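Enquirer: So the sequence shown is numbered by this note's numbering: it starts at 1 and just counts up by one. Even glycine gets a Cβ: it sits at the ideal position worked out from N, Cα and C. Since the structure is predicted, the reported quantities are computational estimates derived from the model, not experimental observations.
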Amino acid sequence: MKFKINPEFDKRYDIRLANLDDVPLIMKFIDKCWRKGHIMSRSRVLFDYEYVHETEVDFVIAIDKFSKDLEGIFGFIRCQKERNQDIWGSMWKVRDDHDNMKLLGIELARRVYILTGCRMHIGNGANPNTTIPLRKIFFREKTAKMKQFYRLNREIKDYKIALIKDEENLIENVVTKLRENYSLKKIDNFKELENSYNLNKTDIYPVKDAYYIKHRYFEHPFYNYLVYGIEINGQTSAVIFLRQINIMESSVLRIVDFLGDEESLLGISPSLDNLMQEKKAEYVDFYQFGLEDDILRKAGFINREDTKNIIPNYFEPFLQENADIWVHYTMDNTRFFKADGDQDRPNQLN
Numbered sequence: 001m002k003f004k005i006n007p008e009f010d011k012r013y014d015i016r017l018a019n020l021d022d023v024p025l026i027m028k029f030i031d032k033c034w035r036k037g038h039i040m041s042r043s044r045v046l047f048d049y050e051y052v053h054e055t056e057v058d059f060v061i062a063i064d065k066f067s068k069d070l071e072g073i074f075g076f077i078r079c080q081k082e083r084n085q086d087i088w089g090s091m092w093k094v095r096d097d098h099d100n101m102k103l104l105g106i107e108l109a110r111r112v113y114i115l116t117g118c119r120m121h122i123g124n125g126a127n128p129n130t131t132i133p134l135r136k137i138f139f140r141e142k143t144a145k146m147k148q149f150y151r152l153n154r155e156i157k158d159y160k161i162a163l164i165k166d167e168e169n170l171i172e173n174v175v176t177k178l179r180e181n182y183s184l185k186k187i188d189n190f191k192e193l194e195n196s197y198n199l200n201k202t203d204i205y206p207v208k209d210a211y212y213i214k215h216r217y218f219e220h221p222f223y224n225y226l227v228y229g230i231e232i233n234g235q236t237s238a239v240i241f242l243r244q245i246n247i248m249e250s251s252v253l254r255i256v257d258f259l260g261d262e263e264s265l266l267g268i269s270p271s272l273d274n275l276m277q278e279k280k281a282e283y284v285d286f287y288q289f290g291l292e293d294d295i296l297r298k299a300g301f302i303n304r305e306d307t308k309n310i311i312p313n314y315f316e317p318f319l320q321e322n323a324d325i326w327v328h329y330t331m332d333n334t335r336f337f338k339a340d341g342d343q344d345r346p347n348q349l350n
């Protein structure tokens with residue numbers, strides 16, 4: 001997508017990519033203008049992990065040339081080693097307690113394309129009342145709501161995290177036959193993943209390269225992820241990434257990312273059942289956009305919207321309620337998963 005700079009904004013603001021010296025200023029801005037005590041205003045470790053790559057800081061900022069105040073930010077998260085390919089939007093904010101130029105926020109979003117040269121800028125976790133309409137109007141993007149599928153642990157009798165209202169759906173937890181020559185193989189490190197699965201082979205957007213996968217799932221400073229290869233006839237045809245959450249003397253498993261052929265999910269339910277029982281998890285859930293509903297149902301998952309059950313999304317702090325996640329994108333064949341962008345990150349640190 002091509003955008004032109006509006007020179008009127010440059011008369012008042014210095015709009016540019018941030019550098020390392022700007023990080024304390026951005027963190028202070030987040031604390032004052034986004035939310036007091038926000039995790040990104042308190043943890044330099046997490047901030048650097050999400051947004052800093054060597055000397056590059058993945059924020060577009062607007063500094064008033066006259067007052068020298070930071071007036072707006074647009075953070076983004078790269079899907080590859082270089083930021084000139086596919087990126088996810090993140091923190092987007094203009095100060096509303098100062099008399100800033102109208103549409104400064106829109107100009108910042110446009111400058112993301114201009115300053116990074118990115119192929120596409122997509123987003124998940126977007127506010128349906130603000131960001132979603134703006135992306136449709138000013139960027140002519142497609143928007144959608146992610147679907148939350150889940151599978152209950154049939155061995156659990158007392159659910160503490162999930163709220164099960166549809167008892168009849170317990171027996172509708174689809175039973176699928178054990179698929180011949182099908183297995184889940186645990187992957188313990190990035191080298192094992194590289195040796196078993198071709199990370200460069202994909203026709204799906206966004207493209208997540210080896211640098212991203214290693215950084216996201218094997219180098220996280222606070223979260224530990226479970227990685228499993230789906231093997232069919234001894235060949236790894238897909239990879240799932242999960243995170244276990246322990247709370248209220250119980251736990252859940254969340255599939256937060258998926259690589260590969262979606263038909264590989266057919267036959268996964270017996271292995272997931274074993275994993276849930278091993279981890280004593282109430283359920284495994286799977287927020288996604290771009291996979292076929294029919295395949296997920298045949299794989300043994302239930303669409304949350306087909307039931308009255310509550311399958312929580314928020315755990316820091318914990319909220320026992322359902323939640324919708326909205327996305328915006330440009331290209332067909334785009335997929336979204338729970339850990340894309342900044343959606344699966346700590347909100348609280350002990």
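Starting from GLU231, follow the beta strand (DSSP E) in both directions and report where the run begins and ends.
Expert: Here residue 231 refers to the residue found at position 231 when the sequence shown is read from its first residue. 226-232 is the extent of the beta strand (DSSP E) around GLU231.
Enquirer: Is it true that the segment 281-299 meets the segment 212-232, where meeting means three or more beta-carbon pairs spaced less than 8 Å apart?
Expert: No: fewer than three Cβ pairs fall under 8 Å.
Enquirer: Give the C-beta separation of GLY267 and TYR150 to the nearest angstrom, bearing in mind that I take them to be a contact with Cβ-Cβ under 8 Å.
Expert: Within the sequence shown, the letter at position 267 stands for residue 267. Within the sequence shown, the letter at position 150 stands for residue 150. At roughly 18 Å, the Cβ-Cβ gap does not stay under 8 Å, so GLY267 and TYR150 are not in contact.
Enquirer: Given this structure, state the Cα-to-Cα distance separating GLY117 from LEU108, to the nearest angstrom.
Expert: Here residue 117 refers to the residue found at position 117 when the sequence shown is read from its first residue. Here residue 108 refers to the residue found at position 108 when the sequence shown is read from its first residue. Computed Cα separation, rounded: 14 Å.
Enquirer: So TYR329 and ILE122 are in contact, right, with Cβ under 8 Å, and what is the actual spacing, rounded?
Expert: Position 329 of the sequence shown, counted from the start, is the residue given in the question as residue 329. Position 122 of the sequence shown, counted from the start, is the residue given in the question as residue 122. TYR329 to ILE122, Cβ: 4 Å. Contact.
Enquirer: Closer than 6 Å by C-beta to ASP366: which residues in its own chain qualify, once you throw out the five before and the five after it? Chain order, please.
Expert: Absent from the structure is residue 366, since the part of the chain shown begins at 1 and ends at 350.
Enquirer: I'd like to know whether the C-beta atoms of ASP96 and ILE77 end up nearer to each other than 8 Å.
Expert: The residue given as residue 96 occupies position 96 in the sequence shown. The residue given as residue 77 occupies position 77 in the sequence shown. For ASP96 and ILE77, no; Cβs fall outside 8 Å.
Enquirer: Can you tell me whether DSSP reads ILE171 as helix, strand or coil?
Expert: As a first step, residue 171 is located in the sequence shown; it is residue number 171 there, counting from the start. Note that ILE171 has pLDDT 47, beneath the 50 cutoff, so the model's placement of it is unreliable and the number below is only indicative. Three-state result, ILE171: coil.
Enquirer: May I ask which residues mark the beginning and end of the beta strand (DSSP E) holding ASP273?
Expert: What you label residue 273 is simply residue 273 of the sequence shown in a count that begins at 1. Run containing ASP273: none in the beta strand (DSSP E); it sits in the alpha helix (DSSP H), 269-279.
Enquirer: Measure how close the beta-carbons of ASP273 and ARG254 come, nearest whole angstrom, since I'm counting them as under 8 Å.
Expert: If you number the sequence shown from 1, residue 273 lands on position 273. If you number the sequence shown from 1, residue 254 lands on position 254. With 8 Å as the limit, ASP273 and ARG254 do not qualify as a contact, their Cβ atoms being about 16 Å apart.
Enquirer: Apply the 10 Å Cβ neighbour rule to SER67 and answer buried if 16 or more other Cβ atoms are within range, or exposed otherwise.
Expert: Numbered from its first residue, the sequence shown carries residue 67 at position 67. Looking at its Cβ environment, which holds fewer than 16 other Cβ atoms inside 10 Å, SER67 is exposed.
Enquirer: Do the segment 157-167 and the segment 240-251 meet, that is, are 3 or more Cβ pairs less than 8 Å apart?
Expert: In short, these stretches touch, since the Cβ pair count reaches three.
Enquirer: What residues in its chain sit with their C-beta under 6 Å from that of ARG111, if we drop five residues either side in the sequence?
Expert: Residue mapping note: residue 111 aligns to position 111 of the sequence shown, counting from 1. Closer than 6 Å at Cβ, skipping near neighbours: ILE15, VAL60.
Enquirer: When we look at the beta-carbon of ASP21 and count the other beta-carbons within 10 Å, is it buried (16 or more) or exposed?
Expert: Mapped onto the sequence shown, residue 21 falls at position 21. Its Cβ having fewer than 16 others within 10 Å, ASP21 is exposed.
Enquirer: Name the one or two DSSP bridge partners that HIS38 has.
Expert: Here residue 38 refers to the residue found at position 38 when the sequence shown is read from its first residue. Its beta-bridge partners do not exist; DSSP assigns none.
Enquirer: Which parts of the segment 149-216 are runs of the beta strand (DSSP E), unbroken and 3 residues or longer, counting only runs that do not cross its ends?
Expert: As far as the segment 149-216 is concerned, its whole beta strand (DSSP E) runs of at least 3 residues are 182-187.
Enquirer: Straight-line CA distance for ARG154 to ILE187?
Expert: Along the sequence shown, one-based indexing puts residue 154 at 154. Along the sequence shown, one-based indexing puts residue 187 at 187. Cα-Cα distance, rounded: 26 Å.
Enquirer: Tell me, to the nearest whole angstrom, how far the beta carbon of ALA323 is from that of ASN333; I am working on the premise that it is less than 8 Å.
Expert: Within the sequence shown, the letter at position 323 stands for residue 323. Within the sequence shown, the letter at position 333 stands for residue 333. Rounded, the Cβ-Cβ distance is 26 Å, inconsistent with contact.
Enquirer: Which same chain residues end up closer than 7 Å to ASN189 when comparing Cβ atoms and leaving out the 5 residues on each side of it in sequence?
Expert: Taking the sequence shown and counting its residues from 1, the one referred to as residue 189 is at position 189. So the qualifying residues of the chain are PHE218.
Enquirer: Is HIS38 near ILE26, with beta carbons less than 8 Å apart?
Expert: Looking up residue 38 in the sequence shown gives position 38. Looking up residue 26 in the sequence shown gives position 26. It is not a contact, given that the beta carbons lie outside the stated cut-off.
Enquirer: What are the residues that DSSP puts in a beta bridge with MET120?
Expert: Numbered from 1 along the sequence shown, position 120 holds the residue referred to as residue 120. According to DSSP, MET120 bridges with ASP86.
Enquirer: Terminal residues of the continuous alpha helix (DSSP H) containing ILE295?
Expert: Numbered from its first residue, the sequence shown carries residue 295 at position 295. Unbroken alpha helix (DSSP H) run through ILE295: 293-298.
Enquirer: Considering only their Cβ atoms, is the gap separating ARG83 from GLU54 smaller than 8 Å?
Expert: Mapped onto the sequence shown, residue 54 falls at position 54. Mapped onto the sequence shown, residue 83 falls at position 83. No; because the gap between Cβ atoms is not below 8 Å, this pair is not in contact.
Enquirer: Near GLU71, which residues of its chain fall below 8 Å by C-beta distance, leaving aside the five closest residues on each side in sequence?
Expert: Residue 71 sits at position 71 when you count from the first residue of the sequence shown. The residues are TYR13, ALA62, ILE63, ASP64, VAL94, ARG95, HIS98, ASN100, LEU104.
Enquirer: If distances are taken between C-alpha atoms only, which option among ARG243, PHE258, GLY300 comes closest to LYS279?
Expert: In the sequence shown, the residue the question calls residue 279 occupies position 279. Out of ARG243, PHE258, GLY300, ARG243 has the C-alpha closest to the C-alpha of LYS279.
Enquirer: Which partner residues does THR55 have in the DSSP bridge list?
Expert: On the sequence shown, position 55 is the one that residue 55 refers to. In DSSP, THR55 forms no bridge with anything.
Enquirer: Nearest to GLY125 by alpha carbon, out of ASN347, LEU349, ASP342, GLN348?
Expert: Position 125 of the sequence shown holds residue 125. If we check each option's Cα against that of GLY125, ASP342 comes out closest.
Enquirer: Distance check for LYS36 and GLN275, CA to CA, integer angstroms please.
Expert: One-based indexing of the sequence shown puts residue 275 at position 275. One-based indexing of the sequence shown puts residue 36 at position 36. A quick correction: the sequence has Leu, not Gln, at residue 275. Those two C-alpha atoms are separated by around 39 Å.
Enquirer: Does the Cβ of ARG140 have 16 or more other Cβ atoms within 10 Å, making it buried, or fewer, making it exposed?
Expert: The count along the sequence shown starts at 1 and reaches residue 140 at position 140. ARG140 comes out exposed.
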